[in-house]
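Structure first, commentary second.
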Amino acid sequence: MDPALHRVVVLVLDGAKPLDVGIPAQVFSNRPSMPYEVHVCGAKPGPVTGGDGLSYHVADGLEAFDRADTIFVPGYRSPADTEAPQVVVDALIAAHQRGTRIAAISTGAFALAQAGLLDGKRATTHWHYTRVLSERNPLVRVDENVLFVDEGNVLTSAGAASGIDLCLHLVRRDHGVALSNHVARRLVAAPYRSGGQAQYVPRSVPEPLGDLFASTREWALGHLAEALTLESLARNARVSPRTFSRRFVEDTGYTPMQWVLRARVDLARELLERSDLGVEQIAARVGLGSDANLRLHFHRILGTSPTEYRRTFSSPTSPS
């Protein structure tokens with residue numbers, strides 16, 4: 120085991136969903152660009168009956184937690200009718216007490232809740248199970264309208280695809296936006312969907328309008344240095360500002376101008392990582408005008424300064 124690598128352990132429980140298991144294994148797989156290594160374990164070594172007609176054979180038991188930096192608990196079938204084995208619950212509690220980061224994908228949140236790791240915290244799971252999770256665990260503040268929730272060393276995500284968003288968020292948290300964007304390109308995934316984005320919209324959204332909004336977001340990303348307004352975005356989408364604003368919030372969880380601001384900060388992060396441009400030059404290039412304005416929004420959104428961010432992330436690993 121290379122001590123320089125961040126060790127990710129994926130726990131496979133009975134009924135584990137194949138996609139939920141595969142997402143962290145794929146995202147964090149070791150390669151020249153990725154300072155991670157992945158290990159898969161079960162409650163004990165040997166065969167594990169999975170969901171969707173698949174089964175697993177794991178070489179390691181829960182002793183793998185002892186060397187983990189991050190533990191993933193993938194979703195599993197029938198969480199409302201089954202509980203995680205007590206030995207798994209005890210191992211999760213012990214890992215949490217050691218300071219290990221623990222993340223759940225989809226219904227994996229039920230195991231974290233059973234261990235008490237979500238008590239007093241915000242959390243989410245697949246929208247189909249949010250009510251059950253809330254009713255069974257009244258101390259957990261279940262949010263059914265988000266893709267993932269980051270509570271520091273305990274994270275939860277919604278349905279399977281949002282597990283990709285959670286994993287990219289952790290790469291971004293660990294190593295910056297440049298490496299996260301590189302991983303997203305490798306996965307052919309959206310480079311950034313915020314945790315606050317709605318996981319499920321129960322009403323019908325006309326498909327042509329959604330396509331227009333996607334193209335408008337892409338257009339905006341290419342024009343961040345310009346004076347973007349609600350009116351100019353709506354004009355590009357060929358709808359009224361009122362309609363654009365309402366539908367945009369439904370689609371993304373942000374107002375149009377909040378989304379533009381975060382896109383500008385995200386671009387500033389990448390320029391801080393990958394260029395030698397000064398803070399004032401970067402502020403102008405991303406459309407924030409002055410270095411003071413960039414520092415203000417950078418601190419509000421990320422809780423740090425551009426200078427400190429550059430110091431932390433200015434030497435990204437070469438992509439591969």
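If you want my numbering, it's the 1-based position in the sequence shown plus 119.
In this text, a Cβ means the ideal position worked out from N, Cα and C, and glycines have one as well.
Should residue i be labelled buried (16 or more other beta-carbon atoms within 10 Å of its own) or exposed?
i	result
L138	buried
G372	buried
R291	buried
S225	buried
N412	exposed
A178	exposed
P375	buried
D200	exposed
P321	Low local confidence applies: a pLDDT of 35 at P321 is under 50, so the model's placement there is unreliable, and no value is given.
R419	exposed
D395	exposed
T426	exposed
Q233	buried
G422	exposed
R481	There is simply no residue 481 to check, as the chain begins at 120 and stops at 439 in what is shown.
L258	exposed
L415	exposed
Please report how far the alpha carbon of residue i lies from the alpha carbon of residue j, in whole angstroms.
i	j	result
W378	S334	14 Å
L349	L340	14 Å
D133	D209	17 Å
T249	A280	16 Å
L287	D410	28 Å
G278	I142	12 Å
D238	A223	15 Å
V307	G271	27 Å
V131	V140	7 Å
V207	P360	51 Å
I190	V358	45 Å
R186	I212	15 Å
P174	A382	Here the sequence assigns Ser to residue 174, which means Pro is not the residue at that position. Each residue's alpha carbon lies about 41 Å from the other.
N300	A144	18 Å
L352	F332	9 Å
T275	L266	9 Å
G424	V157	Note on identity: in this sequence residue 424 is Ser, with Gly being the wrong assignment. Spanning the two alpha carbons is a distance of roughly 32 Å.
V128	R430	29 Å
L289	V273	11 Å
K136	A242	20 Å
F229	L347	43 Å
R126	D370	35 Å
R260	F417	28 Å
R150	L231	30 Å
F147	I283	11 Å
L380	V368	14 Å
D293	K240	22 Å
E399	P204	55 Å
T244	L285	12 Å
If you reduce the DSSP assignment to three classes, tell me which class residue i lands in.
i	result
I224	coil
D269	strand
H176	strand
G372	coil
E332	One point to set straight first is that residue 332 is Phe, not Glu, in the sequence displayed. In the structure shown, F332 sits in a helix (DSSP, three-state: H, G or I).
G235	coil
F191	strand
G341	coil
H158	strand
P151	coil
G141	helix
G282	helix
A203	coil
V358	coil
H125	strand
P166	strand
L396	coil
S409	coil
T275	strand
R260	strand
A135	strand
A346	coil
A308	coil
R241	strand
Tell me which residues share the same chain as residue i and place their Cβ nearer than 8 Å to its Cβ, disregarding the 5 neighbours each side in the sequence.
i	result
H176	G165, P166 and V167
A123	P154
L390	L396, I401, R404 and V405
Keeping to the same chain, check which residues put their C-beta closer than 6 Å to that of residue i; ignore five residues upstream and five downstream.
i	result
E263	W246 and T249
F432	G295 and E392
V338	Reading off the sequence, residue 338 comes out as Trp, not Val. Closer than 6 Å at Cβ, skipping near neighbours: N355.
L181	A210
Residues in its own chain within less than 7 Å of residue i by CB, not counting five upstream and five downstream?
i	result
A214	F184, A187, I190 and I221
L236	L211, H215, I221 and V273
V268	R241, A242, T243, D262, L274, T275 and G314
Cβ contact check for the stretch 343 to 358 and the stretch 394 to 405: 3 or more pairs under 8 Å: Taking 8 Å as the limit for Cβ pairs, the verdict is that the stretch 394 to 405 does touch the stretch 343 to 358.
Contact between the stretch 194 to 207 and the stretch 156 to 172: three or more CB pairs below 8 Å? Touching, per the Cβ criterion.
Is there contact between the stretch 380 to 399 and the stretch 360 to 369, where contact requires at least three CB pairs shorter than 8 Å? Counting C-beta pairs closer than 8 Å gives fewer than three between the stretch 380 to 399 and the stretch 360 to 369, which falls short of the contact rule.
Segment contact, 8 Å Cβ cut-off, at least three pairs: the stretch 252 to 267 with the stretch 212 to 219: By the C-beta criterion, the stretch 252 to 267 is judged not to be in contact with the stretch 212 to 219, since fewer than 3 inter-stretch pairs fall below 8 Å.
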